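Below: one structure, written as structure tokens.
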Amino acid sequence: MGRHILSLFMGVVSLMLLPYGYTWTEYRIRRSIDLSAANPLISDTKLPTDLIPSGYSIYLHPVLDKSVFTGRINITLVCAKVTNQITLHAHHDLSVNELDLTVQRIDTNTANGPVKIRRVDRVPKKPLLVIYFHDQLTVGASYEVRLKFGGNIWENVEGIFEGKYKQQLNAPDAVESEAVIEADEHSYIGTYFRPHHARRVFPCFDEPAYKVPFNVSIVRPRTHHVLFNTERERTEELDAKQVIDVFKQTPPMSTFTFGFLVSDLLQVPSMSDEKDAMSPTVRIWARRDFQKNVADVEQRVKVAMKKLQEYWGVELPLTKLDVVALPGFSYVKPADNWGLIVFKESEVTRGYYNLAQELVYQWLGSWITPHWWSDAHVNKAIAGFLSADTATKIDGGDEFEGKYPMTILYSIYYEFSKRYPHSRITAMKQETTCSKTELVLRMLNYTLGEETFRRGLQKFIQHREYKTFYGDDVWEALTKQAHLDQRLCESVTVNEVVNSWITKDRIPMVKVVRSYANRSATVTQRLYLRERPHDVPEQDKMLWWIPIVVVTQDRLNFRNISTIKWMKQVREAQLEELPGPDEFIIVNPEEIGPFPVNYDERNWNLLATFLQREESRTLIPVYTRAKLLHDAWNLAYAGDLSFGTAFNMTLFMKYERNHLVWNPVFTLIDHIGRHIDMSAVHKKFEMYVRTLLTPLYEELVSNQQESEEMWKANLRSLAKNFLCRAGYKPCIEEAQRAFKKWMDSPEPDAGNPVANQYICPVFKWGTREEWEFGLQRVINFPESRIKSERTYLLKTLAGCPSQPFKIDRLLNIMVLEDNGNFTDNDISLIFKMLSGGSSGYSTLFNFLKHNWDAIKIRFKDRESLWDNMINSATGLFTTQEGYDMVSQLYVQHQGEFGTAEHIIEKSLKNIKEETKWSDENLPVIEAWLDQFLASNGVADQKFLG
Numbered sequence: 001m002g003r004h005i006l007s008l009f010m011g012v013v014s015l016m017l018l019p020y021g022y023t024w025t026e027y028r029i030r031r032s033i034d035l036s037a038a039n040p041l042i043s044d045t046k047l048p049t050d051l052i053p054s055g056y057s058i059y060l061h062p063v064l065d066k067s068v069f070t071g072r073i074n075i076t077l078v079c080a081k082v083t084n085q086i087t088l089h090a091h092h093d094l095s096v097n098e099l100d101l102t103v104q105r106i107d108t109n110t111a112n113g114p115v116k117i118r119r120v121d122r123v124p125k126k127p128l129l130v131i132y133f134h135d136q137l138t139v140g141a142s143y144e145v146r147l148k149f150g151g152n153i154w155e156n157v158e159g160i161f162e163g164k165y166k167q168q169l170n171a172p173d174a175v176e177s178e179a180v181i182e183a184d185e186h187s188y189i190g191t192y193f194r195p196h197h198a199r200r201v202f203p204c205f206d207e208p209a210y211k212v213p214f215n216v217s218i219v220r221p222r223t224h225h226v227l228f229n230t231e232r233e234r235t236e237e238l239d240a241k242q243v244i245d246v247f248k249q250t251p252p253m254s255t256f257t258f259g260f261l262v263s264d265l266l267q268v269p270s271m272s273d274e275k276d277a278m279s280p281t282v283r284i285w286a287r288r289d290f291q292k293n294v295a296d297v298e299q300r301v302k303v304a305m306k307k308l309q310e311y312w313g314v315e316l317p318l319t320k321l322d323v324v325a326l327p328g329f330s331y332v333k334p335a336d337n338w339g340l341i342v343f344k345e346s347e348v349t350r351g352y353y354n355l356a357q358e359l360v361y362q363w364l365g366s367w368i369t370p371h372w373w374s375d376a377h378v379n380k381a382i383a384g385f386l387s388a389d390t391a392t393k394i395d396g397g398d399e400f401e402g403k404y405p406m407t408i409l410y411s412i413y414y415e416f417s418k419r420y421p422h423s424r425i426t427a428m429k430q431e432t433t434c435s436k437t438e439l440v441l442r443m444l445n446y447t448l449g450e451e452t453f454r455r456g457l458q459k460f461i462q463h464r465e466y467k468t469f470y471g472d473d474v475w476e477a478l479t480k481q482a483h484l485d486q487r488l489c490e491s492v493t494v495n496e497v498v499n500s501w502i503t504k505d506r507i508p509m510v511k512v513v514r515s516y517a518n519r520s521a522t523v524t525q526r527l528y529l530r531e532r533p534h535d536v537p538e539q540d541k542m543l544w545w546i547p548i549v550v551v552t553q554d555r556l557n558f559r560n561i562s563t564i565k566w567m568k569q570v571r572e573a574q575l576e577e578l579p580g581p582d583e584f585i586i587v588n589p590e591e592i593g594p595f596p597v598n599y600d601e602r603n604w605n606l607l608a609t610f611l612q613r614e615e616s617r618t619l620i621p622v623y624t625r626a627k628l629l630h631d632a633w634n635l636a637y638a639g640d641l642s643f644g645t646a647f648n649m650t651l652f653m654k655y656e657r658n659h660l661v662w663n664p665v666f667t668l669i670d671h672i673g674r675h676i677d678m679s680a681v682h683k684k685f686e687m688y689v690r691t692l693l694t695p696l697y698e699e700l701v702s703n704q705q706e707s708e709e710m711w712k713a714n715l716r717s718l719a720k721n722f723l724c725r726a727g728y729k730p731c732i733e734e735a736q737r738a739f740k741k742w743m744d745s746p747e748p749d750a751g752n753p754v755a756n757q758y759i760c761p762v763f764k765w766g767t768r769e770e771w772e773f774g775l776q777r778v779i780n781f782p783e784s785r786i787k788s789e790r791t792y793l794l795k796t797l798a799g800c801p802s803q804p805f806k807i808d809r810l811l812n813i814m815v816l817e818d819n820g821n822f823t824d825n826d827i828s829l830i831f832k833m834l835s836g837g838s839s840g841y842s843t844l845f846n847f848l849k850h851n852w853d854a855i856k857i858r859f860k861d862r863e864s865l866w867d868n869m870i871n872s873a874t875g876l877f878t879t880q881e882g883y884d885m886v887s888q889l890y891v892q893h894q895g896e897f898g899t900a901e902h903i904i905e906k907s908l909k910n911i912k913e914e915t916k917w918s919d920e921n922l923p924v925i926e927a928w929l930d931q932f933l934a935s936n937g938v939a940d941q942k943f944l945g
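full-length UniProt numbering puts the sequence shown at residues 1 to 945.
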């Protein structure tokens, strides 16, 4: 009986000391999460589940002038399973004093006192510190590990980093005078612990699921101050130059949300009235001469925070929030610690999106935390969606120029329609997974209804204060709310819908074929593949939960749109009660779901006709106009739609002036133009491009104003760029005039006075003399100038010319003459640039063919260059003529390709596939272009070529 009572008592003690919010059974089960599901960028060195931390007490002593730190840590923990060791995360850069290391039992048991240590090990190649004992620890008992540590403070390294900045000694207003501006140097140190870099600073349980309080003291110079997760409680004396700041205990939090900044930055004076004081107190910090730039940040933070509080229905339990504009901060993402957010200076000065995103992370990341990194994509996706939603509600989407979510949507379309998405690049995969999850959240916001979606997220965070969550917890909360609001039938869960999207690195394509006589339609789904050949394994097994939302011509209401039905991972579904044969339908308007839609030819033509009528075109909203155009061209490119139909969908662009509709046009002009530029059709395509873009560009130029919106300047720049590429004479002449100033310069190697936008048109359409001048600038490039300027020149010298003699000249110098001014990296860059257009890769092919023996000798011991050359010279042809050329070279030199044998074999396979595409599509494209150009009476006087 006594043994049972003791076991029960130990169980109660262990329950009391578990991380906040867990029953023991729940914690034990959830600790067994499958590592294979975790983010592959995160180390898989998860700690054993034998011991569970309950608190940290940390003393840190950073020494700024020596770039080192020392410290002490006491870790309290409870023994959950029988073990004779304690395992902690500790980075190899972190030194731990193994001789001055003790472990004490600290509960009420009479056996309290030091635990005898057998040995201490640092695990090779793993960031682990293991303490072994002679005897087993007692299950349910509490212990405290006490140890000392130290390490280096590095520049731009995760953990503790250091930085410096210069600040004017003069008053900031003196900048505008002719006074000499002096500057003194200031130093700071800060932390960047996400995702798992706390182990670089102190031994710990460095996993997000362990959320415990921290008691922290930090030494600082008297000239500096410390910003930490919580407010300072008191300051203690250390010596004449240093003091110790002791901070209030933190709430339970993960190690990655721990953060501090030691600096002499100044608090930006508050512009708020005391009347509008809100909790938490918001403080902005910046260098003295940057404070004017961030004067409005406090107000923007408060506006965004108020919106988010309304959305979540609950305030953050923060007493203060410090927002820092840190000079010289080089990380891509802000350091988002609990109660302390550190931004690059450039990131905090504009808009609401960045601020809102970091504020969302305070709710969902710091306060409520993903249990493991496999669920971090859900966390990031919710933050992305809500920050965009918040920014849009505040400023109407001005910050995005209306481009959200189209920018990420198009990139998802292109990436997931490849034969091999991500090209096995893990970091890109993580980013696109987050983006796709964000788009799925947006889809749910539409299909469940904004109010149901919001209440579902509120339900998700209820009772999770200082706890962790799994991705499925989000979907379960949304399911409960959707069932309650009758937005989803009881037999369906949001989990099922979401998993069909986020577990596949693919997206579907929906095809709608109408039966006009019956006023019905058959809807089918299949994998969307844009890149050929369409030979992805098991594609027939891939099915999604797809919401079918339909807008009809007789009811063009894009505000009150609801899901007619869900395709519940079925191949086919039927739509009934559609409009008559002379009226179109639009499926998936406003890109509600991340998938393209194809129609039968008649429906496409009804849409094309409607869009060409000025009085009716704007009845279809901008996003949907952009979608229709984008889908048509991409489906044609993929081989799923006639190019004649796709080109018809561009006819309304003659009247279109919205930049969101134009944006996909430029991408598709580029994609299709590159694909057909070896064929005779390409000249006609360029004439089509000039005819399409000239009215837009000339109108934008004539209406240009100094205070115009940014999107107008961007649209004008894009139109000009593409017109230049297509040989628009005014553009070429303007570029040559600008370039002549450089050619007439007495010291042309001292610097480039020509804007980059003018260089490519000159190298493409200009004279041999102009191009040769650019070549000499690369050869004579001074060591003192910025190397990126030389790289840009080299790229344009190779990638822009349409005349083979220019490219031949470059190849002779770099490859055959082996000119010492050019490195192997330069040559690789040239090969890459030549693969961008047919004039480049066909000239490279002929150069290889005619100089085979000499090139083989040059690249005898440079296999990488040889492989790159074969790939760029043979891999991009798209016609039967190109296939015959490459095939002849392969036969002629069979057995001589060495390491590039597999490359040319792959090239031949790909060209054969592209040849089929060209045979099927080029006649259609040419026939449509002939009719278009004839009906438009194209004037040639403004064009080259």
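Note that CB positions come from ideal geometry on N, CA and C, so glycine has one too. Quantities reported herein were computed from a predicted structural model and do not represent experimental measurements.
Separation of Glu158 from Asp34, as counted between CA atoms: In the sequence shown, counting from the first residue as 1, residue 34 sits at position 34. In the sequence shown, counting from the first residue as 1, residue 158 sits at position 158. Model confidence at Asp34 stands at a pLDDT of 28, short of 50, so the residue's coordinates are unreliable and nothing is read from them.
For Glu656, which of Phe773, Gly151 and Arg613 has the nearest alpha-carbon? Reading the sequence shown from its first residue, position 656 is the one you call residue 656. For the set Phe773, Gly151 and Arg613, the Cα lying nearest the Cα of Glu656 is the one of Arg613.
What distance in whole Å lies between the Cβ atoms of Phe149 and Val96, which are believed to be in contact at a cut-off of 8 Å? Walking along the sequence shown from the start, residue 96 turns up at place 96. Walking along the sequence shown from the start, residue 149 turns up at place 149. About 5 Å separates the two Cβ atoms, so the contact holds.
Report the partner residues of Ile341 according to the DSSP bridge assignment. Start at 1 with the first residue of the sequence shown, and residue 341 comes out as number 341. Per DSSP, Val323 and Asp336.
Using only alpha-carbon positions, find the residue among Ser491, Tyr466, Gln486 and Val498 that is nearest to Val474. Here residue 474 refers to the residue found at position 474 of the sequence shown. With distances taken between CA atoms, Val474 lies nearest to Val498 out of Ser491, Tyr466, Gln486 and Val498.
Among the residues of its own chain, which have a CB less than 6 Å from the CB of Thr447, if the five just before and after it don't count? Here the question's residue 447 lines up with position 447 in the sequence shown. Excluding positions up to five away in sequence, the list reads Pro547 and Thr563.
Grab the span of the beta strand (DSSP E) containing Gln168 for me, first residue to last. Position 168 of the sequence shown holds residue 168. Gln168 -> beta strand (DSSP E) spans Gly159 to Gln168.
Per the DSSP calculation, Val262 is bridged to which residue(s)? Here residue 262 refers to the residue found at position 262 when the sequence shown is read from its first residue. Ile189 and Val226.
Taking Val762 and Phe739 to be in contact with their CB atoms under 8 Å, please state how far apart those CB atoms are, rounded to whole angstroms. By one-based count along the sequence shown, residue 762 stands at place 762. By one-based count along the sequence shown, residue 739 stands at place 739. Between Val762 and Phe739 the beta-carbon gap is near 5 Å, inside 8 Å, which marks them as a contact.
Buried/exposed call for Gly580, threshold 16 Cβ in 10 Å: As a position in the sequence shown, residue 580 is number 580, starting the count at 1. By the neighbour-count rule (16 or more Cβ atoms within 10 Å), Gly580 is not buried but exposed.
Give the secondary structure of Trp544 by DSSP, where H, G and I count as helix, E and B as strand, and everything else as coil. For this step, residue 544 is matched to residue 544 along the sequence shown. Coil, per DSSP.
Pick helix, strand or coil for Pro184, following the three-state DSSP scheme. Locating residue 184 in the sequence shown gives position 184, counting from the first residue. Before going further, note that residue 184 is Asp rather than Pro in the sequence given. Asp184: strand per DSSP, three-state reduction.
Using only CA atoms, which one of Tyr413, Pro421, Ala381 and Phe416 lies nearest to Leu444? Position 444 of the sequence shown, counted from the first residue, corresponds to residue 444. It is Ala381 whose Cα lies nearest to the Cα of Leu444.
Should Val701 go down as buried or exposed, given a rule of 16 or more other Cβ atoms within 10 Å for buried? Reading the sequence shown from its first residue, position 701 is the one you call residue 701. Classification of Val701: exposed, given that the 10 Å Cβ count is below 16.
Using the Cα positions of Ala646 and Leu607, report the straight-line distance between them to the nearest angstrom. The count along the sequence shown starts at 1 and reaches residue 646 at position 646. The count along the sequence shown starts at 1 and reaches residue 607 at position 607. Ala646 and Leu607: Cα-Cα distance of roughly 11 Å.
Between the alpha carbons of Thr191 and Gly898, how many angstroms are there, rounded? Indexing the sequence shown from 1 puts residue 191 at position 191. Indexing the sequence shown from 1 puts residue 898 at position 898. Thr191 and Gly898 have their alpha carbons spaced roughly 50 Å apart.
Cβ contact check for the stretch 251 to 265 and the stretch 125 to 135: 3 or more pairs under 8 Å: Two segments are said to touch when three or more pairs of C-beta atoms, one from each, lie closer than 8 Å; by this definition the stretch 251 to 265 does not touch the stretch 125 to 135.
DSSP-derived helix/strand/coil call for Gln880: Sequence index remark: in the sequence shown, residue 880 carries index 880 (1-based). In the three-state scheme derived from DSSP, where H, G and I count as helix and E and B as strand, Gln880 is classed as helix.
Look up Arg234 in the DSSP assignment and say whether it is helix, strand or coil. Residue mapping note: residue 234 aligns to position 234 of the sequence shown, counting from 1. Arg234: strand per DSSP, three-state reduction.
By DSSP, does Tyr27 sit in helix, in strand, or in coil? Position 27 of the sequence shown, counted from the start, is the residue given in the question as residue 27. In this predicted model, Tyr27 has a pLDDT of only 32, less than 50, meaning its place in the structure is not dependable enough to derive any value.
Within 10 Å of its beta-carbon, does Pro508 have 16 or more other beta-carbons around it, so buried, or fewer, so exposed? Locating residue 508 in the sequence shown gives position 508, counting from the first residue. Counting every other CB atom within 10 Å of its CB across the protein chains shown gives Pro508 a total of 16 or more, marking it as buried.
Under 8 Å, do residue 946 and Tyr466 count as touching if we go by C-beta distance? For residue 946 there is no data in the structure shown, the boundaries of the chain being 1 and 945.
What is the DSSP secondary structure of Leu147, reduced to helix, strand or coil? If you number the sequence shown from 1, residue 147 lands on position 147. Taken through DSSP and simplified to helix, strand or coil, Leu147 comes out as strand.
Per DSSP, which one or two residues make a beta bridge with Phe469? In the sequence shown, counting from the first residue as 1, residue 469 sits at position 469. DSSP links Phe469 through a beta bridge to Pro370.
Under 6 Å Cβ to Cβ from Ser387, same chain only, skipping five residues before and after it: list those, please. One-based indexing of the sequence shown puts residue 387 at position 387. Same-chain partners within the cutoff: Tyr353, Ala356, Gln357 and Val360.
So for Asp818, helix, strand or coil by DSSP? What you label residue 818 is simply residue 818 of the sequence shown in a count that begins at 1. DSSP places Asp818 outside both helix and strand once states are collapsed to three, so it counts as coil.
On the DSSP letters alone, give me the boundaries of the alpha helix (DSSP H) that Lys66 sits inside. Here residue 66 refers to the residue found at position 66 when the sequence shown is read from its first residue. From DSSP, Lys66 is part of no alpha helix (DSSP H); its letter is neither H nor E.
I need the DSSP call for Ile807, collapsed to helix, strand or coil. Looking up residue 807 in the sequence shown gives position 807. It is helical.
My assumption, with CB atoms under 8 Å, is that Leu77 sits in contact with Cys204. Please give the rounded CB distance. As a first step, residue 77 must be located in the sequence shown, where it is residue number 77. As a first step, residue 204 must be located in the sequence shown, where it is residue number 204. Here Leu77 is actually not in contact with Cys204; their C-beta atoms are around 11 Å apart, not less than 8 Å.
Out of His225, Ile911 and Ala573, which one is the CA nearest neighbour of Ser520? Numbered from 1 along the sequence shown, position 520 holds the residue referred to as residue 520. If we check each option's Cα against that of Ser520, Ala573 comes out closest.
Bridge partner(s) assigned by DSSP for Ala573: As a first step, residue 573 is located in the sequence shown; it is residue number 573 there, counting from the start. Partner(s): Val523.
From Ile160 to Tyr637, what does the alpha carbon distance come to, in whole angstroms? If you number the sequence shown from 1, residue 160 lands on position 160. If you number the sequence shown from 1, residue 637 lands on position 637. Each residue's Cα considered, the two are about 50 Å apart.
Pick from Ala391, Ile284, Arg809 and Asp631: whose alpha carbon is nearest that of Leu529? Within the sequence shown, the letter at position 529 stands for residue 529. Closest by alpha carbon: Asp631.
Bounding residues of the alpha helix (DSSP H) (the contiguous stretch that carries Phe610): Stepping through the sequence shown from its first residue, residue 610 is reached at position 610. In the DSSP assignment, Phe610 falls within the alpha helix (DSSP H) that extends over Glu601 to Gln612.
Residue closest to Met598, alpha-carbon to alpha-carbon, out of Ile620, Leu364, Leu575 and Leu628: The count along the sequence shown starts at 1 and reaches residue 598 at position 598. The question names Met, yet the displayed sequence has Asn at residue 598. Looking at Ile620, Leu364, Leu575 and Leu628, the one whose alpha-carbon comes closest to that of Asn598 is Leu628.
If you reduce the DSSP assignment to three classes, tell me which class Asn215 lands in. In the sequence shown, counting from the first residue as 1, residue 215 sits at position 215. Looking at Asn215 - three-state DSSP - the assignment turns out to be strand.
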